[in-house]
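Peer 1: First to last, the protein sequences are chains V and W.
Counted from 1, the first sequence has number 93 at position 93 by the numbering used here; the numbering is strictly sequential.
Counted from 1, the second sequence has number 1165 at position 165 by the numbering used here; the numbering is strictly sequential.
Structure in structure tokens, see below.
There are 2 protein chains.
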Amino acid sequence: MSTSAHVNSFTISLPGWLETELKSLPPAVPMVEDRVALVIRLAGLNVTHGTGGPFAAGVFETATGRCVSLGVNRVVPDSCSSAHAEIVALSLAQRRLRTYNLGGDGVPEHELVVNWRPCAMCFGAIPWSGVRSLVIAGSGPEMEEITGFDEGQVPGDWKARLESLGISVRDGVMKEEALDVFRDFARRGCTVYNGRGAGSARA
Amino acid sequence: MSTSAHVNSFTISLPGWLETELKSLPPAVPMVEDRVALVIRLAGLNVTHGTGGPFAAGVFETATGRCVSLGVNRVVPDSCSSAHAEIVALSLAQRRLRTYNLGGDGVPEHELVVNWRPCAMCFGAIPWSGVRSLVIAGSGPEMEEITGFDEGQVPGDWKARLESLGISVRDGVMKEEALDVFRDFARRGCTVYNGRGAGSARA
Chain V
1 MSTSAHVNSF
11 TISLPGWLET
21 ELKSLPPAVP
31 MVEDRVALVI
41 RLAGLNVTHG
51 TGGPFAAGVF
61 ETATGRCVSL
71 GVNRVVPDSC
81 SSAHAEIVAL
91 SLAQRRLRTY
101 NLGGDGVPEH
111 ELVVNWRPCA
121 MCFGAIPWSG
131 VRSLVIAGSG
141 PEMEEITGFD
151 EGQVPGDWKA
161 RLESLGISVR
171 DGVMKEEALD
181 VFRDFARRGC
191 TVYNGRGAGS
201 ARA
Chain W
1001 MSTSAHVNSF
1011 TISLPGWLET
1021 ELKSLPPAVP
1031 MVEDRVALVI
1041 RLAGLNVTHG
1051 TGGPFAAGVF
1061 ETATGRCVSL
1071 GVNRVVPDSC
1081 SSAHAEIVAL
1091 SLAQRRLRTY
1101 NLGGDGVPEH
1111 ELVVNWRPCA
1121 MCFGAIPWSG
1131 VRSLVIAGSG
1141 PEMEEITGFD
1151 EGQVPGDWKA
1161 RLESLGISVR
1171 DGVMKEEALD
1181 VFRDFARRGC
1191 TVYNGRGAGS
1201 ARA
């Protein structure tokens, strides 16, 4: 426990290797499958570099595939339980476009691409972000079974709930490739943090 | 739409007036009612200073009342839809204590105090933070009715769900004082942002 003074700000940063990746990225990724392949690759690199959990996300202009932001899970390195890949990517996109609403007037439609379904927090965060579509590699029980991560209390009909808010959901793009990253993560025995979620409830 | 380069980090900062408040804060706030009164006062000041929405939150050591962090809603000024008061306070506390888990081994129990119930995102974020209790001024429909803010898709039994994870919930501490802040906010005609939430669904 620190006895230091109050903290007035917090910063979430991408790891150095991802900053390098960004420089070699094509300006647009037109095919949805290629957007998913990209976030799966970054999730795997986040594991091999030891810079966070096995999750990555990107915000793209839906129509053109312009890559607005990429994020990875930064919970452990940035000491921030809300630094999930989705929150990082959405916040970086909003910072870059200087708007809290990626679906506001005069802004092209944006899509959030993630290598797995959102947890309870990110399910709640997506409607606030303004994105109009969500693309995920998978949403079954496999990720939790393989890694031990807890998705939290997400409603069973979460896809229908997002759709009812005008956010389309596409699931199952490159699911096996996404699972390979989780299997590699589990083999390495990396940190699994669930807070007061299932991990603690079982303890 | 910006054509600038990729952004590699984002920072959420407290407004200047709150940094000043922090310097004159007593080191501990032993009474729970005083903790709630403090966040209600800060929520009101966030409105009168025009530095964000009418919400504030604090993280306290449950037993001693030591104030670890205070946060206010920073969605509009920081262009970040997830910069709700709860996320700001929890992230600042985690940064100060240099841990992503406010309930980890060797850490005293922590309490999150907020001037209203959590939205869907913050409901999901609280279990990840490690806090062991939540104290709120109120949770009825009044806030949404008065301000137009949308809480999102929070389960009806959200309190029981937090309790099942070992997070106690105390509701109704200084509710009328909390509502006064929302009434003042509504009178001023300040920005209400709901993303793809109810506001957009009605539009």
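Here a beta-carbon is modelled for each residue, glycine too, at the ideal position from N, C-alpha and C.
Quick caveat, the model's predicted, so the values are computed rather than measured.
Between Pro-1054 of chain W and chain V, is the shortest Cβ-Cβ distance under 8 Å, so that the two count as touching?
Peer 2: Answer no: the Cβ-Cβ gap between Pro-1054 of chain W and chain V never drops below 8 Å.
Peer 1: Return helix, strand or coil for Thr-147 of chain V, following the three-state DSSP convention.
Peer 2: In the structure shown, Thr-147 of chain V sits in a helix (DSSP, three-state: H, G or I).
Peer 1: Among the candidates W:Val-1059, W:Val-1107, W:Cys-1080 and W:Val-1068, whose CA atom is the shortest distance from the CA of Arg-96 of chain V?
Peer 2: Among W:Val-1059, W:Val-1107, W:Cys-1080 and W:Val-1068, the Cα nearest to that of Arg-96 of chain V is on W:Cys-1080.
Peer 1: If I follow the unbroken beta strand (DSSP E) through Gly-1071 of chain W, where does it start and stop?
Peer 2: Looking at the DSSP string, the run of the beta strand (DSSP E) that includes Gly-1071 of chain W is 1067–1072.
Peer 1: Is Phe-1123 of chain W close to chain V? Criterion is C-beta to C-beta, closer than 8 Å.
Peer 2: By this cut-off, Phe-1123 of chain W is an interface position.
Peer 1: Hey, would you say Val-1072 of chain W sits closer than 8 Å to Pro-1015 of chain W, going by beta carbons?
Peer 2: Cβ distance < 8 Å, so Val-1072 of chain W and Pro-1015 of chain W count as in contact.
Peer 1: Enumerated in chain order, which unbroken segments of the alpha helix (DSSP H) with a length of 4 residues or greater are wholly contained in the stretch 64–138 of chain V?
Peer 2: Entirely contained in the stretch 64–138 of chain V, the alpha helix (DSSP H) runs reaching 4 residues are, in chain order, 85–97 and 120–129.
Peer 1: Grab the span of the beta strand (DSSP E) containing Ser-164 of chain V for me, first residue to last.
Peer 2: No beta strand (DSSP E) contains Ser-164 of chain V, which is instead part of the alpha helix (DSSP H) from 158–164.
Peer 1: Is the stretch 138–148 of chain V in contact with the stretch 96–114 of chain V, if contact means three or more CB pairs nearer than 8 Å?
Peer 2: Cβ pair count under 8 Å is below three, so no.
Peer 1: Of all Cβ atoms in chain W, is any one closer than 8 Å to the Cβ of Thr-11 of chain V?
Peer 2: Yes, Thr-11 of chain V lies at the interface with chain W (some Cβ there is under 8 Å from its Cβ).
Peer 1: Can you grab the Cα-Cα spacing for the pair His-1110 of chain W / Arg-187 of chain V, in whole Å?
Peer 2: Roughly 34 Å separates the two Cα atoms.
Peer 1: Name the DSSP bridge partner or partners of Val-1059 of chain W?
Peer 2: Val-1059 of chain W pairs with W:Ser-1069 and W:Leu-1112.
Peer 1: Could you check whether the Cβ of Arg-41 of chain V sits closer than 8 Å to any Cβ belonging to chain W?
Peer 2: No - not a single Cβ of chain W is within 8 Å of the one on Arg-41 of chain V.
Peer 1: Our contact map puts Leu-179 of chain V next to Gly-152 of chain V with C-beta atoms below 8 Å; I'd like the distance itself, whole angstroms only.
Peer 2: With a Cβ gap of about 20 Å, Leu-179 of chain V and Gly-152 of chain V do not count as contacting.
Peer 1: If I measure Cβ to Cβ from Phe-1182 of chain W and keep anything under 7 Å in the same chain, skipping five residues before and after, which residues do I get?
Peer 2: Counting only Cβ-Cβ distances below 7 Å, and skipping sequence neighbours, we find Pro-1054, Met-1143, Ile-1146 and Thr-1147.
Peer 1: Could you name the residues of chain V that Leu-1045 of chain W contacts, counting a contact when the two beta carbons are closer than 8 Å?
Peer 2: The premise fails here: Leu-1045 of chain W is roughly 15 Å from chain V at the closest Cβ pair, so nothing lies under 8 Å.
Peer 1: Entirely within the stretch 8–53 of chain V and at least 3 residues each: give me those beta strand (DSSP E) ranges in chain order.
Peer 2: Whole beta strand (DSSP E) segments, 3+ residues: 9–13.
Peer 1: Between the alpha carbons of Gly-1104 of chain W and Thr-11 of chain V, how many angstroms are there, rounded?
Peer 2: Their backbone Cα atoms lie some 22 Å apart in a straight line.
Peer 1: Glu-205 of chain V versus chain W: which residues are under 9 Å apart at the beta carbon?
Peer 2: The question about residue 205 of chain V has no answer, for chain V in this structure spans 1 to 203.
Peer 1: Could you check which residue in W:Lys-1023, W:Ala-1083 and W:Asp-1078 has the C-alpha nearest to that of Cys-1122 of chain W?
Peer 2: Minimum Cα distance to Cys-1122 of chain W is reached at W:Ala-1083.
Peer 1: By the three-class DSSP mapping on this structure, what secondary structure does Arg-170 of chain V have?
Peer 2: The answer is strand: DSSP assigns Arg-170 of chain V an E or B state.
Peer 1: As a quick exercise: from W:Asp-1171, W:Gln-1094, W:Ala-1125 and W:Val-1107, pick the residue whose alpha carbon is nearest that of Arg-1117 of chain W.
Peer 2: The residue with the shortest Cα to Cα distance from Arg-1117 of chain W is W:Asp-1171.
Peer 1: Starting from Ala-120 of chain V, find everything on chain W with Cβ-Cβ shorter than 9 Å and list it in chain order.
Peer 2: Result: Ala-1120, Met-1121, Phe-1123, Gly-1124, Ala-1125, Pro-1127 and Trp-1128.
Peer 1: For Leu-92 of chain V, which residues in the same chain have their Cβ closer than 7 Å to its Cβ, ignoring the five residues on either side in sequence?
Peer 2: Contacts found: Ser-69 and Gly-71.
Peer 1: Would you list, in chain order, the members of the stretch 1005–1034 of chain W that have their beta-carbon closer than 7 Å to a beta-carbon of chain V?
Peer 2: Correct list: His-1006, Val-1007, Asn-1008, Ser-1009, Phe-1010, Thr-1011, Ile-1012, Ser-1013, Leu-1014, Glu-1019 and Leu-1022.
Peer 1: In this structure, how does DSSP classify Arg-183 of chain V when only helix, strand and coil are distinguished?
Peer 2: If DSSP states are grouped into helix, strand and coil, Arg-183 of chain V belongs with the helices.
Peer 1: For a test of the three-state rule: what should DSSP assign to Arg-978 of chain W, helix, strand or coil?
Peer 2: Residue 978 of chain W is absent from the model: chain W starts at 1001 and stops at 1203.
Peer 1: Hey, Val-1029 of chain W and Met-1174 of chain W are a contact pair by Cβ (cut 8 Å); roughly how many whole angstroms apart?
Peer 2: Wrong, their Cβ atoms sit about 14 Å apart, outside the cutoff.
Peer 1: Take Gly-58 of chain V and list the residues in its own chain whose beta-carbon comes closer than 7 Å to its own, dropping the five residues that flank it on each side.
Peer 2: These residues qualify, in order along the chain: Arg-35, Leu-38, Val-39, Cys-67, Ser-69, Leu-70, Ala-89 and Val-113.
Peer 1: For a contact defined as C-beta to C-beta under 8 Å, what are the partners of Thr-1099 of chain W on chain V?
Peer 2: Under the 8 Å cutoff, chain V gives Ser-79.
Peer 1: Is Ala-1005 of chain W buried or exposed, if buried means 16 or more other CB atoms sit within 10 Å of its CB?
Peer 2: Per the 10 Å Cβ criterion, exposed.
Peer 1: Can you grab the Cα-Cα spacing for the pair Leu-162 of chain V / Tyr-1193 of chain W, in whole Å?
Peer 2: Whole-angstrom Cα-Cα distance: 17 Å.
Peer 1: For Thr-62 of chain V, tell me which candidate among V:Arg-196, V:Arg-132 and V:Trp-128 has the shortest Cα-Cα distance.
Peer 2: Selected option, being the one with the closest Cα: V:Arg-132.
Peer 1: Can you tell me which of the three DSSP states Ala-1005 of chain W falls into?
Peer 2: Three-state result, Ala-1005 of chain W: coil.
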